[in-house]
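Numbering (numbering that gives the first Met the number 0), first residue to last: 0 to 455. We treat Cβ as the ideally placed atom computed from N, Cα and C, and that holds for glycine. See structure below.
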Amino acid sequence: MDSSTLSLLINKIRELDEWRDSFGTYELDKSQHVPSDEIETVFDELVDRLKGNYPFHHPQYAGQMLKPPHDLAWAAYALAMTINPNNHALDGGPPSSEMEKEVVRKLAKMAGYGDIYLGHLTSSGTIANLEALWVARSSHPDKGIAYSSAAHYTHQRMCQVLGMQGVEIPVNERGVMDIEALKNASGNIGTVVVTLGTTGMGLLEDLPEILNFCKENNIRVHVDAAYGGFYKLLAHHRLMKRPEVWEAVDQCDSFVTDPHKHGLQPYGCGCVLFKDPAVGKFYKHDSPYTYFSSDDLHLGEISLECSRAGAAAVALWTTLKLFPLKKSEGLGLILEQCLTAAHDFYLSLLDSDHYQVIQEPDLDIVVYFPITDELTTSSITERSRKIFTAGMKSKKSGLHLSLYRMESNGFSTRFPHVTVDTETVTVIRSVLMKPEHRSFIPELMERLETLWKQTD
Ligand SMILES: *Cc1c(COP(=O)(O)O)cnc(C)c1O
């Protein structure tokens, strides 16, 4: 933990205390008081329990999509939390509501939506997607939603919540929506969900081709870029194979990205954007509880959720001031490290005699498997599990990975020399979402080789 951030935070809390005291001081009610030895005991237990976490902060954690927020993001969040503004209405937190509008404008610009759009932060990517699908239903009441089998599992669930027909489209050999299957899909499809950065393998679906088909057939397109969205900044990076995928985003009806994934934020920060602000008409409500003291648009008037942490907007606002949404500075530099880490890791795996990489990564998620003597799907599964477990055993020289289950059929088309003796095969997945992963790749490779030998 950066001690300068800690002292900055304490200083700023004190400054806000002066502002608090400027309204006149008062005694805290006795009911809020707790003896200090009790506090000490409970916080001791708390710290002990928190130590039960995996080392998400460390580059040796190369498993799931998990990492702590940037220190400055949580410092801003904590500072705002001493006030606890609520962004459901302007009066719940006038400054944090303004900040939300400012950051949403930046995200809309990143998406290519220009000055005309409708959007706001949400408490998660799931809620942001729910909102986009809810608008899809309102736009095409009798039509269904199509998403690929690589889409986030919540799309199917959201279709159930909304009482809509969800149509799952199979993936092609690259692991993304099969466009021919989409064209032949049965059912009356009103909206297609295109995932940019699939949760499993971080793949980019073929947005330009899907968009062409949808335009011809009057089908809406929703982009779920909860994981990958910020990579739009690197659309023209040398390692980004298809910039046209990102360039097509501005023609889509809605766009979701999660600042709490690649935007350095603590959990509780998603974002949904709509290209056509006229969809705002679907949100109309006149609750007697929300108080309207100005004629400006209230964020609560254009969102499904009511209460939302204003602190989330404050943290994102601060972060984007310090890490602007640019290709060659700010957030772009951080993402470039992750993209390069994944590419370097991919190349190292190609060189390894003990591991086989599934395919070249589009973003920063690499999926691979240990090479076993038998070369069967069952032995690969068993060995992957052993490596996963063995990696977590050591503290300083450990390696935290995640497991990923694939259909053996799709797997065997890629690797015909592997004998299929199980329906699914479990392989290893590493999300390299920290910039520190880049310089850690040689070490990561070494630890993987050691784990392979240990589990032989
Ligand atoms: C993570 C993710 C979601 C869900 O977002 P939450 O913020 O976890 O609710 C949806 N879609 C994709 C592609 C994701 O990666």
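Minimum C-alpha distance to residue i - residue among the options
i      : options                        : result
Lys394 : Arg48, Leu5, His57             : His57
His259 : Tyr116, Gly23, Thr125          : Thr125
Val419 : Ala150, Lys142, Ser377         : Ser377
Pro434 : Ile357, Leu263, Cys305, Thr318 : Leu263
Gly309 : Ser96, Lys11, Trp133           : Ser96
Arg382 : Gly186, Val41, Phe368          : Phe368
Met405 : Ile357, Ala389, Asp372         : Ile357
Tyr403 : Gly279, Ala75, Met64           : Met64
Gly397 : Ala150, Leu315, Leu443         : Leu443
Thr449 : Val160, Asp47, Phe254, Ile386  : Ile386
Gln336 : His119, Asn86, Pro34, His261   : His261
Pro207 : Trp316, Met200, Gly199, Thr194 : Thr194
Leu89  : Ala77, Asp223, Ser306, Ile188  : Ser306
Ile379 : Ser411, His399, Asp361, Asp350 : Ser411
Near ligand 1: residue i beta-carbon under 6 Å from a heavy atom
i      : result
Ala225 : yes
His151 : yes
Thr477 : Lying before the first or after the last residue shown, residue 477 is absent from the chain, which here runs from 0 to 455.
Ser147 : no
Gly165 : no
Thr194 : yes
Asp205 : no
Gly162 : no
Thr125 : yes
Gly23  : no
Gly269 : yes
Asp257 : yes
For residue i, three-class secondary structure by DSSP
i      : result
Lys260 : helix
Gln164 : coil
Gln355 : strand
Glu304 : coil
Asn470 : No statement about residue 470 is possible, as the shown extent of the chain runs from 0 to 455 and does not include it.
Glu404 : The amino acid at residue 404 is misidentified as Glu; the sequence shows Arg. Correct three-state label for Arg404: strand.
Ser429 : strand
Thr289 : Reliability fails at Thr289, whose pLDDT of 47 lies under 50, so the model's placement of it is uncertain and the value that follows must be treated cautiously. In the structure shown, Thr289 sits in coil (DSSP, three-state: anything other than H, G, I, E or B).
Ile126 : helix
Ala311 : helix
His69  : coil
Met176 : strand
Gly62  : coil
Thr375 : strand
Leu324 : strand
Gly331 : helix
His535 : This structure does not reach residue 535, given that the chain is present from 0 up to 455, and the question cannot be answered.
His139 : coil
Lys100 : helix
Thr454 : coil
Beta-ladder partner(s) of residue i, from DSSP
i      : result
Pro369 : Tyr354
Val419 : In the DSSP output, where bridge partners are listed per residue, Val419 has none listed.
Ser147 : Ile168
Ile364 : Val430
Gly111 : Answer is none; Gly111 lacks a bridge partner.
Thr121 : Gly269
Val424 : Met405
His399 : Tyr60
Going residue by residue through the segment 20-59, where are the continuous alpha helix (DSSP H) segments of at least 4 residues, counting only ones entirely within it?
Counting whole runs of 4 or more residues, the segment 20-59 contains the alpha helix (DSSP H) stretches 35-49.
Unbroken alpha helix (DSSP H) runs of length 4 or more, entirely within the segment 215-286: which are they?
Fully contained in the segment 215-286 are the following alpha helix (DSSP H) runs of length 4 or more, in chain order: 242-246, 258-261.
Go through the segment 180-220 residue by residue and report every complete run of the beta strand (DSSP E) that reaches 3 residues or more, in order.
For the segment 180-220, whole beta strand (DSSP E) runs of length 3 or above, ordered along the chain, are 188-194.
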